[in-house]
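Enquirer: The sequence shown begins at 56 in my numbering and counts up by one. Glycine included, every Cβ here is placed at the ideal spot set by N, Cα and C. The structure presented is a predicted model; accordingly, all values stated were derived computationally and were not measured.
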Amino acid sequence: MSAKTANILFIGDVVGNPGLQMVSRMLKGFISKYEVDFVICNGENAHKGKGMSLEALNQMLEAGVDVVTGGNHTWNNFNFFDTLKTHERVLRPQNYPRGTYGKGYGTYALPNGLGNITVLNLQGRTFMYPIDCPFRSADWVIKQVKDRSSIIFVDMHAEATAEKLALAWYLDGRVSAVIGTHTHVQTADERIFPKGTAYLTDVGMTGPHQSVIGMQVKSAVDRMLYQTPHKYECATDDVHLSAVLLKLDVKSGKALGIQRIFYPEFETTVSDN
(Lines of atoms letter the chains of each structure in order from A and count residues from 1; the text may use other names and numbers.)
(Lines give C-alpha, C1' and ligand atoms only; values in the text may rest on other atoms or scores of the structure.)
Protein backbone atom coordinates (compact mmCIF):
# COMPACT_ATOMS: atom_id res chain seq x y z
CA MET A 1 0.00 0.00 0.00
CA SER A 2 1.44 3.36 -1.01
CA ALA A 3 2.01 5.98 1.65
CA LYS A 4 -0.41 8.88 1.96
CA THR A 5 1.17 12.13 0.86
CA ALA A 6 0.36 15.83 1.11
CA ASN A 7 1.37 18.50 -1.37
CA ILE A 8 2.30 21.77 0.32
CA LEU A 9 2.85 24.98 -1.66
CA PHE A 10 4.87 27.80 -0.11
CA ILE A 11 4.81 31.18 -1.87
CA GLY A 12 7.75 33.54 -1.37
CA ASP A 13 7.60 37.10 -0.05
CA VAL A 14 4.61 38.84 -1.63
CA VAL A 15 5.57 42.43 -2.43
CA GLY A 16 2.85 45.08 -2.67
CA ASN A 17 -0.16 45.16 -4.95
CA PRO A 18 1.72 43.61 -7.90
CA GLY A 19 2.50 40.55 -5.80
CA LEU A 20 -1.01 40.36 -4.39
CA GLN A 21 -2.52 40.56 -7.86
CA MET A 22 -0.24 37.78 -9.08
CA VAL A 23 -1.32 35.53 -6.21
CA SER A 24 -4.99 36.32 -6.83
CA ARG A 25 -4.65 35.62 -10.53
CA MET A 26 -2.51 32.49 -10.47
CA LEU A 27 -2.97 30.58 -7.22
CA LYS A 28 -6.15 28.65 -7.92
CA GLY A 29 -4.64 27.39 -11.17
CA PHE A 30 -1.49 26.30 -9.34
CA ILE A 31 -3.57 24.51 -6.70
CA SER A 32 -5.34 22.56 -9.43
CA LYS A 33 -2.23 21.87 -11.52
CA TYR A 34 -0.10 20.59 -8.64
CA GLU A 35 -2.95 19.05 -6.60
CA VAL A 36 -2.04 21.24 -3.64
CA ASP A 37 -3.48 20.35 -0.24
CA PHE A 38 -2.27 23.36 1.75
CA VAL A 39 -0.88 26.80 0.87
CA ILE A 40 1.49 28.90 2.98
CA CYS A 41 2.56 32.39 1.94
CA ASN A 42 5.03 34.90 3.36
CA GLY A 43 3.19 38.22 3.40
CA GLU A 44 5.40 40.57 5.43
CA ASN A 45 5.77 42.96 2.45
CA ALA A 46 2.26 42.67 1.06
CA HIS A 47 1.12 46.12 2.23
CA LYS A 48 2.65 48.67 -0.14
CA GLY A 49 5.92 46.73 -0.20
CA LYS A 50 6.64 46.88 3.52
CA GLY A 51 4.42 45.49 6.24
CA MET A 52 1.02 43.83 6.28
CA SER A 53 -2.60 44.94 6.37
CA LEU A 54 -5.97 43.32 6.98
CA GLU A 55 -6.93 44.03 3.37
CA ALA A 56 -3.80 42.33 2.04
CA LEU A 57 -4.30 39.39 4.39
CA ASN A 58 -7.89 38.92 3.27
CA GLN A 59 -6.87 39.12 -0.38
CA MET A 60 -4.34 36.31 0.11
CA LEU A 61 -6.81 34.16 2.05
CA GLU A 62 -9.52 34.69 -0.56
CA ALA A 63 -7.07 33.68 -3.28
CA GLY A 64 -6.57 30.30 -1.61
CA VAL A 65 -3.77 30.83 0.91
CA ASP A 66 -4.28 28.93 4.17
CA VAL A 67 -1.66 30.58 6.42
CA VAL A 68 0.37 33.79 6.08
CA THR A 69 3.81 34.02 7.69
CA GLY A 70 5.84 37.13 8.47
CA GLY A 71 9.26 38.49 9.34
CA ASN A 72 11.04 41.63 10.42
CA HIS A 73 8.65 43.84 8.41
CA THR A 74 5.57 42.37 10.07
CA TRP A 75 5.63 45.31 12.48
CA ASN A 76 5.83 48.14 9.92
CA ASN A 77 2.10 48.88 9.68
CA PHE A 78 0.69 49.86 13.08
CA ASN A 79 -2.87 49.44 11.82
CA PHE A 80 -2.26 45.70 11.47
CA PHE A 81 -1.40 45.07 15.11
CA ASP A 82 -4.93 44.25 16.28
CA THR A 83 -5.28 41.69 13.50
CA LEU A 84 -1.93 40.17 14.39
CA LYS A 85 -3.06 39.75 17.99
CA THR A 86 -6.19 37.76 17.19
CA HIS A 87 -6.19 36.24 13.69
CA GLU A 88 -5.59 32.48 13.61
CA ARG A 89 -4.24 32.44 10.06
CA VAL A 90 -1.41 34.96 10.37
CA LEU A 91 1.93 34.32 12.08
CA ARG A 92 4.91 36.39 13.19
CA PRO A 93 8.35 34.96 14.04
CA GLN A 94 8.12 32.75 17.13
CA ASN A 95 11.46 33.84 18.57
CA TYR A 96 10.52 37.42 19.41
CA PRO A 97 10.72 37.96 23.20
CA ARG A 98 8.08 36.44 25.43
CA GLY A 99 5.06 38.70 25.70
CA THR A 100 5.22 39.92 22.09
CA TYR A 101 1.70 39.87 20.70
CA GLY A 102 0.70 37.55 17.92
CA LYS A 103 1.74 33.94 17.59
CA GLY A 104 4.69 32.25 15.94
CA TYR A 105 3.22 28.88 15.08
CA GLY A 106 -0.10 27.23 14.45
CA THR A 107 -1.44 23.74 13.86
CA TYR A 108 -4.02 23.34 11.12
CA ALA A 109 -6.08 20.47 9.71
CA LEU A 110 -5.19 19.20 6.26
CA PRO A 111 -8.05 18.22 3.93
CA ASN A 112 -9.22 14.69 3.15
CA GLY A 113 -8.22 13.21 6.49
CA LEU A 114 -4.51 13.79 5.93
CA GLY A 115 -3.92 14.85 9.52
CA ASN A 116 -2.43 18.11 10.75
CA ILE A 117 0.31 20.48 9.67
CA THR A 118 2.18 22.80 12.02
CA VAL A 119 3.56 25.97 10.48
CA LEU A 120 6.42 27.56 12.42
CA ASN A 121 7.72 31.05 11.63
CA LEU A 122 11.27 31.86 12.79
CA GLN A 123 13.61 34.81 12.25
CA GLY A 124 17.39 34.77 12.01
CA ARG A 125 19.73 36.93 14.05
CA THR A 126 22.79 37.29 11.82
CA PHE A 127 22.74 40.85 10.37
CA MET A 128 19.26 41.22 11.91
CA TYR A 129 17.72 42.03 15.29
CA PRO A 130 19.32 40.15 18.24
CA ILE A 131 16.08 38.49 19.31
CA ASP A 132 15.73 35.08 20.99
CA CYS A 133 17.44 31.99 19.62
CA PRO A 134 15.56 30.46 16.65
CA PHE A 135 17.17 27.06 17.29
CA ARG A 136 15.93 26.84 20.87
CA SER A 137 12.56 28.29 19.87
CA ALA A 138 12.19 25.48 17.33
CA ASP A 139 13.08 22.90 20.00
CA TRP A 140 10.34 24.24 22.25
CA VAL A 141 7.66 24.28 19.53
CA ILE A 142 8.49 20.76 18.35
CA LYS A 143 7.94 19.48 21.90
CA GLN A 144 4.53 21.19 22.00
CA VAL A 145 3.21 19.80 18.71
CA LYS A 146 4.95 16.48 18.03
CA ASP A 147 2.06 14.41 19.43
CA ARG A 148 -0.57 16.06 17.25
CA SER A 149 1.27 16.96 14.05
CA SER A 150 3.66 14.77 12.06
CA ILE A 151 4.18 17.49 9.44
CA ILE A 152 6.08 20.57 10.63
CA PHE A 153 6.92 23.33 8.15
CA VAL A 154 9.45 26.04 9.04
CA ASP A 155 9.67 29.47 7.38
CA MET A 156 13.14 30.69 8.39
CA HIS A 157 13.15 34.42 7.70
CA ALA A 158 16.85 35.24 7.71
CA GLU A 159 19.60 37.17 5.96
CA ALA A 160 22.49 34.71 6.22
CA THR A 161 22.66 31.52 4.18
CA ALA A 162 24.86 29.92 6.84
CA GLU A 163 22.26 30.49 9.55
CA LYS A 164 19.52 28.92 7.43
CA LEU A 165 21.68 25.93 6.55
CA ALA A 166 22.74 25.43 10.15
CA LEU A 167 19.11 25.41 11.27
CA ALA A 168 18.21 22.85 8.61
CA TRP A 169 20.98 20.51 9.77
CA TYR A 170 19.95 21.07 13.39
CA LEU A 171 16.33 20.18 12.64
CA ASP A 172 16.94 17.42 10.08
CA GLY A 173 14.56 14.56 10.76
CA ARG A 174 12.53 16.57 13.27
CA VAL A 175 10.69 18.84 10.83
CA SER A 176 9.41 18.29 7.31
CA ALA A 177 10.95 21.37 5.71
CA VAL A 178 13.08 24.41 6.41
CA ILE A 179 12.50 27.00 3.70
CA GLY A 180 14.19 30.39 3.78
CA THR A 181 12.70 33.80 3.10
CA HIS A 182 13.79 37.45 3.35
CA THR A 183 16.35 38.07 0.57
CA HIS A 184 13.73 38.12 -2.24
CA VAL A 185 16.12 36.17 -4.49
CA GLN A 186 15.27 32.54 -5.24
CA THR A 187 18.17 30.14 -4.76
CA ALA A 188 18.79 26.91 -6.66
CA ASP A 189 19.96 24.65 -3.82
CA GLU A 190 16.81 22.69 -3.11
CA ARG A 191 17.46 19.27 -1.59
CA ILE A 192 16.31 16.72 0.96
CA PHE A 193 18.62 16.23 3.94
CA PRO A 194 19.66 12.71 5.06
CA LYS A 195 16.95 12.32 7.70
CA GLY A 196 14.13 13.61 5.50
CA THR A 197 13.95 17.40 5.88
CA ALA A 198 13.46 19.41 2.67
CA TYR A 199 15.52 22.58 2.33
CA LEU A 200 15.81 25.69 0.16
CA THR A 201 17.90 28.70 1.21
CA ASP A 202 15.41 31.21 -0.19
CA VAL A 203 12.13 30.71 -2.00
CA GLY A 204 12.34 34.19 -3.56
CA MET A 205 9.91 37.02 -4.18
CA THR A 206 6.42 37.19 -5.63
CA GLY A 207 6.37 40.68 -7.04
CA PRO A 208 7.94 43.08 -9.56
CA HIS A 209 11.37 41.91 -10.73
CA GLN A 210 12.17 45.02 -12.79
CA SER A 211 13.26 46.46 -9.47
CA VAL A 212 15.74 46.16 -6.63
CA ILE A 213 14.16 43.36 -4.56
CA GLY A 214 10.73 44.81 -5.26
CA MET A 215 11.44 48.51 -4.89
CA GLN A 216 11.77 51.12 -7.65
CA VAL A 217 15.24 51.09 -9.16
CA LYS A 218 16.06 54.81 -8.94
CA SER A 219 15.52 55.22 -5.20
CA ALA A 220 17.48 52.04 -4.47
CA VAL A 221 20.38 53.10 -6.69
CA ASP A 222 20.41 56.61 -5.19
CA ARG A 223 20.66 55.13 -1.69
CA MET A 224 23.78 53.27 -2.76
CA LEU A 225 25.29 56.18 -4.70
CA TYR A 226 24.79 58.92 -2.13
CA GLN A 227 24.51 56.97 1.15
CA THR A 228 21.56 59.14 2.13
CA PRO A 229 17.92 58.20 2.77
CA HIS A 230 15.62 57.97 -0.24
CA LYS A 231 11.99 56.94 -0.01
CA TYR A 232 11.35 53.43 -1.24
CA GLU A 233 8.34 52.94 -3.50
CA CYS A 234 7.07 49.57 -4.65
CA ALA A 235 7.91 48.83 -8.29
CA THR A 236 5.25 47.58 -10.69
CA ASP A 237 6.76 45.85 -13.73
CA ASP A 238 7.79 42.31 -14.70
CA VAL A 239 5.88 40.48 -11.99
CA HIS A 240 6.79 36.86 -11.21
CA LEU A 241 5.59 34.28 -8.72
CA SER A 242 8.22 32.43 -6.67
CA ALA A 243 7.26 29.32 -4.74
CA VAL A 244 8.30 25.84 -3.69
CA LEU A 245 6.22 22.66 -3.88
CA LEU A 246 6.77 19.97 -1.25
CA LYS A 247 5.58 16.37 -1.33
CA LEU A 248 5.45 15.05 2.23
CA ASP A 249 4.74 11.66 3.75
CA VAL A 250 1.73 12.19 6.00
CA LYS A 251 2.62 9.49 8.53
CA SER A 252 6.33 10.18 9.02
CA GLY A 253 6.35 13.86 8.07
CA LYS A 254 9.42 13.28 5.92
CA ALA A 255 9.90 15.02 2.59
CA LEU A 256 9.60 12.89 -0.54
CA GLY A 257 10.07 15.68 -3.07
CA ILE A 258 10.87 19.37 -3.46
CA GLN A 259 10.38 21.50 -6.58
CA ARG A 260 11.11 25.17 -7.12
CA ILE A 261 8.58 27.25 -9.04
CA PHE A 262 9.33 30.55 -10.78
CA TYR A 263 6.58 31.84 -13.07
CA PRO A 264 6.97 33.07 -15.70
CA GLU A 265 10.63 32.21 -16.28
CA PHE A 266 13.08 35.03 -17.01
CA GLU A 267 14.06 35.64 -20.61
CA THR A 268 17.66 34.44 -20.97
CA THR A 269 18.36 35.38 -24.57
CA VAL A 270 19.21 38.78 -26.03
CA SER A 271 17.11 40.06 -28.91
CA ASP A 272 18.68 41.40 -32.09
CA ASN A 273 16.93 44.75 -31.69
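1. Does the region 241 to 256 touch the region 265 to 275, meaning 3 or more C-beta pairs lie closer than 8 Å?
2. Specify, as a first and last residue, the run of the beta strand (DSSP E) that M107 falls within.
3. Which class does Y281 belong to by DSSP, given the choice of helix, strand or coil?
4. How many Å lie between P284 and R278 at the Cα?
5. I need the boundaries of the beta strand (DSSP E) containing F321, first residue and last residue.
6. For L139, report the span of its alpha helix (DSSP H) as first-last.
7. Give the single residue among H212, V196 and Q114 whose Cα lies nearest to the Cα of I206.
8. Roughly how many angstroms separate the alpha carbons of D293 and G159, rounded to a whole number?
9. Is the separation between the beta-carbon of A58 and that of K302 shorter than 8 Å?
10. Cα separation between K105 and N127?
11. From Q114 to E143, what distance separates their C-alpha atoms?
12. Which of helix, strand or coil does DSSP assign to L293?
13. Cα separation between M77 and K140?
14. Could you tell me how far apart the beta carbons of T256 and K219 are, in whole angstroms, since I believe they sit closer than 8 Å?
15. By a C-beta neighbour count over all protein chains shown, 10 Å radius and 16 as the cutoff for buried, is M56 buried or exposed?
16. From K103, Q314, G168 and P185, pick the residue whose C-alpha is nearest to that of Y89; which is it?
17. Look up M183 in the DSSP assignment and say whether it is helix, strand or coil.
18. Could you tell me the distance, in whole angstroms, from the CA atom of W130 to the CA atom of G312?
Expert: Let me lay it out:
1. no
2. If you look at M107, you'll find it isn't in any beta strand (DSSP E); DSSP assigns it neither H nor E.
3. helix
4. 6 Å
5. Note, F321: premise wrong, no beta strand (DSSP E); not H, not E.
6. Its alpha helix (DSSP H) spans residues F136 to T141.
7. V196
8. 32 Å
9. no
10. 10 Å
11. Q114 and E143: Cα-Cα distance of roughly 16 Å.
12. The question names Leu, but residue 293 is Asp in the sequence shown. It is coil, neither helix nor strand.
13. C-alpha separation (whole angstroms): 27 Å.
14. Contact annotation, T256 with K219: C-beta distance approximately 5 Å; criterion of less than 8 Å satisfied.
15. A caution first: M56 carries a pLDDT of 42, below 50, which makes its placement in the model unreliable, though a value can still be read off. With fewer than 16 Cβ atoms within 10 Å of its Cβ, M56 is classed as exposed.
16. Just measuring C-alpha positions, the residue of K103, Q314, G168 and P185 sitting nearest Y89 is Q314.
17. coil
18. 34 Å
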